[in-house]
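In what follows, a single structure is set out as structure tokens and then discussed.
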Amino acid sequence: MSAVATAAPERPAQAAGPTPRPRRRWTRFLLPAYSWLIIAYLVFPIAVMALYSFNKVTTGLPQVSFSWNGFTTQWYQEWSGVPGLTSSFWLSIRLAIAATLLATVIGTLLALALVRYRPPRFRGRVFVEQVMFLNIAAPEIVLGASLLGLFITITLARGFVTLLLAHVAFSIAYVAVTVRARLAGFDRALEEAAADLGANSWTTFRKITLPLIMPGILAGALMAFALSIDDFVTSNFVSGAAVPFPVWVYGATRIGIPPQVFVFGSVIFGVGILCAFASIVLSRRKA
Amino acid sequence: MLAPYLLSLPAGVWLLALFLVPLVVMLSLSLQSCNPATGACVLTWHWAEFGQQLSLYHTQFLTSFYFAGAATLIDLVVSFPIAYWIAFYGGSKKNFFLLMLLVPFFVSFVIRTVVWEFILSDQGVVLGALKHAHLLPQSFHVLGTGYAVVAGLAYNYLPFTALPLYVAIERIDRRVLDAAYDLYATKRAAFTRVILPLTIPGLFAAFLLTFIPALGDYVNQVILGGTNNTMIGTVIQNSFLVTLDYPGGSALSAVLLAIALIGIFAYARLLGTRTIEEYL
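Line by line, the protein sequences give chains A and B. Here the first sequence stands for residues 1 to 287, where the numbers follow the numbering used here. Here the second sequence stands for residues 288 to 567, where the numbers follow the numbering used here.
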């Protein structure tokens with residue numbers, strides 16, 4: 001996910017691409033046409049979702065139907081009409097905020113340790129890196145199942161707490177990796193300058209280090225939030241009575257999806273994509 | 288002196304208690320025998336659990352391999368050209384196109400899969416229209432077959448494939464290509480002998496980041512595949528959440544982890560664990 005934000009700055013000398021000689025006329029359009037086709041394919045299900053969030057329901061039960069019954073904004077007006085769905089949505093938001101805060105702090109501290117200290121001073125760094133890699137690469141179903149095994153063994157009741165513990169556990173490595181990637185070009189001389197000018201280490205951290213690494217921390221926090229709010233596999237294992245949004249929707253597939261699910265999906269998509277576009281435009285202004 | 292350890296202490300404790308310890312607990316659970324009446328489990332070193340589970344569910348493991356493999360292959364083939372195009376011809380719109388690649392991530396994973404169920408259903412927007420136009424027989428269906436599961440997996444994991452490929456292609460030094468052309472390489476030779484070899488780490492990362500999640504996926508299988516073609520993820524979540532057979536589920540999870548570890552170790556050996564951060 002971080003690739004959008006970290007995309008390399010333009011290299012004007014190389015921007016033209018590898019064209020040894022002018023391409024033949026019609027093949028020139030082959031690759032762009034294909035790429036736009038793939039983009040259309042990626043967008044298509046989302047368009048279907050948005051369209052059918054405006055679909056009338058003719059049967060007695062309010063469920064999304066396969067046939068188009070006419071346009072209505074009823075489901076947007078009654079967006080909170082399914083109590084279980086609404087409460088699961090707010091639970092997911094609360095959970096994602098709490099998990100993001102914890103994971104961002106813990107992950108950033110880890111990233112600082114990994115960037116600044118090498119093996120003679122930081123024994124076990126290689127081991128920490130291997131654990132992080134394993135945590136990112138291992139199948140999520142194994143992590144979720146093993147967490148459930150742990151909670152059962154220590155008889156910890158499943159609910160918000162177990163969800164939070166699990167979400168922070170799978171976010172820390174992602175945050176640390178994202179923050180560390182942004183910390184790579186950090187100039188320690190700036191901190192030394194602050195110290196030379198009489199700042200103590202806390203002031204140096206607050207006034208110099210933190211503002212400089214803030215973009216990296218924000219990218220890490222965004223990553224943690226995205227991972228948490230959309231997590232299904234782990235959450236389904238450890239949720240118990242507290243049901244987050246994706247788990248609720250999954251449960252609803254067996255009894256029929258209320259149209260409000262598409263409303264939530266469309267609105268979340270709209271807000272997310274607007275924020276992303278805004279950040280692209282803003283970063284271009286700065287550049 | 289203590290700084291690196293203090294800084295990594297919270298993460299270390301959290302990952303130890305909620306990542307490494309659970310894996311050990313899982314291994315221990317797989318060797319326990321549980322009393323079905325009371326639910327109490329004791330460690331009996333019951334190694335036979337692995338053999339029993341594998342003989343029961345080896346077809347589900349194979350199905351997972353076929354489906355995840357097919358979806359990964361489709362994703363690699365489908366996303367290579369678009370990653371190439373964005374990296375080489377994206378120009379100033381690179382970030383916009385990358386956002387377009389990530390568009391599925393802005394909709395919840397479960398909702399995406401539900402929408403595919405919706406699209407692929409017998410009277411849905413695609414098949415219904417084709418049947419109405421008599422281009423398909425009325426009996427034609429996709430939902431409930433392996434094709435639907437592979438289609439869902441391929442759609443849901445495409446960004447995981449496309450991004451590492453983009454990163455790898457984007458990093459190729461264009462001067463190497465210029466050199467190839469100066470040495471009279473044809474376009475085909477430049478592609479197969481310069482671009483492709485240079486993207487191998489990215490291809491490997493893309494494979495790992497797509498295949499391993501797809502291998503353990505059960506959402507696509509349950510929603511799109513119905514009761515047919517059960518994948519191993521479905522069996523594991525059933526053992527843990529429906530039949531409450533913790534030793535059985537743990538044994539299957541351990542086997543799945545062991546299979547994934549082969550790929551993970553190969554990656555770490557060949558490319559190093561740190562390179563993964565470039566592809567996330």
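All C-beta atoms, glycine included, are put in the ideal place defined by N, C-alpha and C. Being a predicted model, the structure only gives us computed values, none of them experimental.
{"Asked": "Counting only Cβ-Cβ distances shorter than 7 Å, please list the residues of the stretch 254-266 of chain A near chain B, keeping chain order.", "Found": "Ile257, Val261 and Gly265"}
{"Asked": "Buried or exposed: proline 484 of chain B, going by 16 or more other Cβ atoms within 10 Å of its Cβ?", "Found": "exposed"}
{"Asked": "So with CB distances below 7 Å, who are the chain B contacts of glycine 272 of chain A?", "Found": "Phe393"}
{"Asked": "Whose C-alpha, out of A:Val57, A:Ile39 and A:Trp26, is nearest the C-alpha of tyrosine 260 of chain A?", "Found": "Just to set this straight, residue 260 of chain A is glutamine in the shown sequence, not tyrosine. Residue A:Val57 is the option with its Cα nearest to glutamine 260 of chain A."}
{"Asked": "Taking contact to mean at least 3 C-beta pairs separated by less than 8 Å, is the stretch 182-202 of chain A in contact with the stretch 482-497 of chain B?", "Found": "no"}
{"Asked": "To the nearest angstrom, how far is it from the Cα of alanine 202 of chain A to the Cα of threonine 209 of chain A?", "Found": "One detail in the question is off: residue 202 of chain A reads as tryptophan in this sequence, not alanine. Going from the Cα of tryptophan 202 of chain A to the Cα of threonine 209 of chain A covers about 10 Å."}
{"Asked": "So what's serine 67 of chain A in DSSP terms, helix, strand or just coil?", "Found": "coil"}
{"Asked": "Which residues mark the beginning and the end of the alpha helix (DSSP H) in which leucine 606 of chain B is found?", "Found": "As displayed, chain B neither begins before 288 nor continues past 567, which places residue 606 of chain B out of reach and without an answer."}
{"Asked": "Less than 7 Å between C-beta atoms, sequence neighbours within five positions excluded: which residues of the same chain meet that for glutamine 425 of chain B?", "Found": "Lys418"}
{"Asked": "How far does the alpha helix (DSSP H) with leucine 42 of chain A in it reach, from first residue to last?", "Found": "30-52"}
{"Asked": "Quick check on this structure: which residue in A:Phe262, A:Ile255 and A:Gln130 has the alpha carbon closest to the alpha carbon of leucine 307 of chain B?", "Found": "A:Gln130"}
{"Asked": "Pull the bridge partners of serine 320 of chain B from the DSSP assignment, please.", "Found": "B:Val329"}
{"Asked": "Do we get a CB-CB distance below 8 Å when we pair tyrosine 117 of chain A with the residues of chain B?", "Found": "yes"}
{"Asked": "Alpha carbon to alpha carbon, how far is aspartate 532 of chain B from serine 146 of chain A?", "Found": "13 Å"}
{"Asked": "Would you be able to state if there are at least three C-beta pairs under 8 Å between the stretch 226-238 of chain A and the stretch 95-102 of chain A?", "Found": "yes"}
{"Asked": "Since glutamine 410 of chain B meets chain A, which of its residues come closer than 9 Å, beta carbon to beta carbon?", "Found": "Phe66 and Ser67"}
{"Asked": "Could you tell me whether the Cβ atoms of alanine 441 of chain B and glycine 512 of chain B are closer together than 8 Å?", "Found": "no"}
{"Asked": "With distances taken from CA atoms, which of A:Val64, A:Ile213 and A:Leu134 is nearest valine 402 of chain B?", "Found": "A:Val64"}
{"Asked": "Based on the DSSP output, what are the partners of asparagine 516 of chain B in its beta bridges?", "Found": "For asparagine 516 of chain B, which the question treats as bridged, DSSP gives no partner whatsoever."}
{"Asked": "Please state the DSSP three-state secondary structure of asparagine 200 of chain A.", "Found": "coil"}
{"Asked": "Select from A:Arg285, A:Ile213 and A:Tyr117 the residue whose C-alpha is nearest the C-alpha of methionine 288 of chain B.", "Found": "A:Tyr117"}
{"Asked": "At least one CB of chain B closer than 8 Å to the CB of glycine 70 of chain A: is that the case?", "Found": "no"}
{"Asked": "DSSP puts asparagine 236 of chain A in a beta bridge; with which residues?", "Found": "Per DSSP, none; premise fails for asparagine 236 of chain A."}
{"Asked": "Less than 6 Å between C-beta atoms, sequence neighbours within five positions excluded: which residues of the same chain meet that for alanine 449 of chain B?", "Found": "Ser366, Ala370 and Leu388"}
{"Asked": "Between which two residues does the alpha helix (DSSP H) carrying phenylalanine 269 of chain A extend?", "Found": "260-286"}
{"Asked": "With a threshold of 8 Å between beta-carbons, can phenylalanine 160 of chain A be considered close to chain B, or not?", "Found": "no"}
{"Asked": "Leaving aside the five residues before and after alanine 111 of chain A along the sequence, list all residues of the same chain whose C-beta is less than 7 Å from its C-beta, in chain order.", "Found": "Ala176, Val179, Arg180 and Leu183"}
{"Asked": "Check for me: the alpha helix (DSSP H) holding asparagine 135 of chain A runs from which residue to which?", "Found": "125-137"}
{"Asked": "Could you tell me the alpha carbon to alpha carbon distance between valine 48 of chain A and alanine 547 of chain B, rounded to whole angstroms?", "Found": "35 Å"}
{"Asked": "Can we say the stretch 141-157 of chain A touches the stretch 529-543 of chain B, given the rule of at least three CB pairs closer than 8 Å?", "Found": "yes"}
{"Asked": "Are there three or more Cβ pairs, one per stretch, closer than 8 Å when the stretch 347-359 of chain B is compared with the stretch 398-413 of chain B?", "Found": "no"}
{"Asked": "Answer with yes or no whether the minimum CB distance from glycine 520 of chain B to chain A is below 8 Å.", "Found": "yes"}
{"Asked": "Per DSSP, asparagine 507 of chain B forms a beta bridge with which residues?", "Found": "Looking at the DSSP assignment, asparagine 507 of chain B forms no beta bridge with any residue, so it has no partner."}
{"Asked": "In the DSSP assignment, find the unbroken alpha helix (DSSP H) run with glutamate 78 of chain A in it and report its ends.", "Found": "Counting along the chain, glutamate 78 of chain A falls outside any alpha helix (DSSP H), and DSSP gives it neither H nor E."}
{"Asked": "Apply the 10 Å Cβ neighbour rule to serine 67 of chain A and answer buried if 16 or more other Cβ atoms are within range, or exposed otherwise.", "Found": "exposed"}
{"Asked": "Is any beta-carbon of chain A found at less than 8 Å from that of isoleucine 563 of chain B?", "Found": "yes"}
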